[in-house]
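What follows is a short report on a single structure.
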Amino acid sequence: IILALLTLAPARASAQRDEGLDLARLCVHESGWTHPADCAAIYAVAVHGAERTGSTWHSYLGAYARRFAARSVRRAWIYRLDADGSDPRAAISWHAYRPRWLAILAAARAAIGAPAVCDATDWGSAADYRRRAMQGRRFRVVACGDTRGIYSVRGAR
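Structure follows, in structure tokens:
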């Protein structure tokens with residue numbers, strides 16, 4: 204019986220979700236390979252959303268980025284990025300991108316559990332924000348570090 208329990212322990216541990224890996228994949232999807240600071244900013248959005256909704260940051264992120272969480276984005280290779288830095292078969296020169304991936308993964312893992320880097324409640328691109336402004340949605344852009352994405356607080360001008 205003890206032997207059986209010991210053989211199940213690694214299976215349970217490996218079945219646990221790697222939240223840092225999830226966040227890092229989303230960072231690459233949203234911001235590309237050159238802005239690891241976006242991981243902390245995206246995490247801040249998730250933390251603030253979780254506080255508002257009474258959920259966990261990870262589940263809030265899944266609700267906020269629904270298409271990504273549903274694995275329905277065009278660049279499916281993003282989901283093949285792994286903790287070991289194995290080639291995701293993305294038709295890119297992986298030896299050049301692997302160090303960038305590992306830096307983003309490290310930044311994502313460092314962000315989790317750290318204080319939020321800003322008070323952002325949303326993120327997007329310049330086009331997203333132009334569309335929001337044209338729709339009359341109120342927001343205030345906030346600085347969240349050296350990010351590619353644009354981060355904002357809802358409801359303020």
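In the working numbering, the protein residues as written are 204 to 360.
The beta-carbon is built from N, C-alpha and C at its ideal position, and this holds for glycine as well.
This one's a predicted model, so the numbers in the text were calculated from it and none came from an experiment.
- Terminal residues of the continuous beta strand (DSSP E) containing VAL344? It spans 342–345 - the beta strand (DSSP E) in which VAL344 sits, taken as one unbroken run.
- According to DSSP, what are the bridge partners of GLY327? Bridge partners of GLY327: ILE353.
- Per DSSP, what kind of secondary structure is ASP285 in: helix, strand or coil? Three-state result, ASP285: coil.
- Message: Between which two residues does the alpha helix (DSSP H) holding ARG303 run?
- Response: ARG303: member of the alpha helix (DSSP H) spanning 297–314, first to last residue.
- Message: In this structure, how does DSSP classify LEU211 when only helix, strand and coil are distinguished?
- Response: Caution is warranted here: a pLDDT of 36 is assigned to LEU211, below 50, making its placement in the model unreliable, and no coordinate value can be reported.
- Report the three-state DSSP secondary structure of THR256 (helix, strand or coil). In this structure, THR256 counts as helix in the three-state DSSP scheme.
- Message: Using the three-state DSSP reduction, which class does TRP280 fall into: helix, strand or coil?
- Response: DSSP places TRP280 within a helical segment (H, G or I) once states are collapsed to three.
- Boundaries of the alpha helix (DSSP H) in which CYS321 is found, first to last residue: Counting along the chain, CYS321 falls outside any alpha helix (DSSP H), and DSSP gives it neither H nor E.
- Query: The alpha helix (DSSP H) spanning GLY339 covers which residue range?
  - Reply: Following the DSSP letters along the chain, one finds GLY339 in no alpha helix (DSSP H), marked with neither H nor E.
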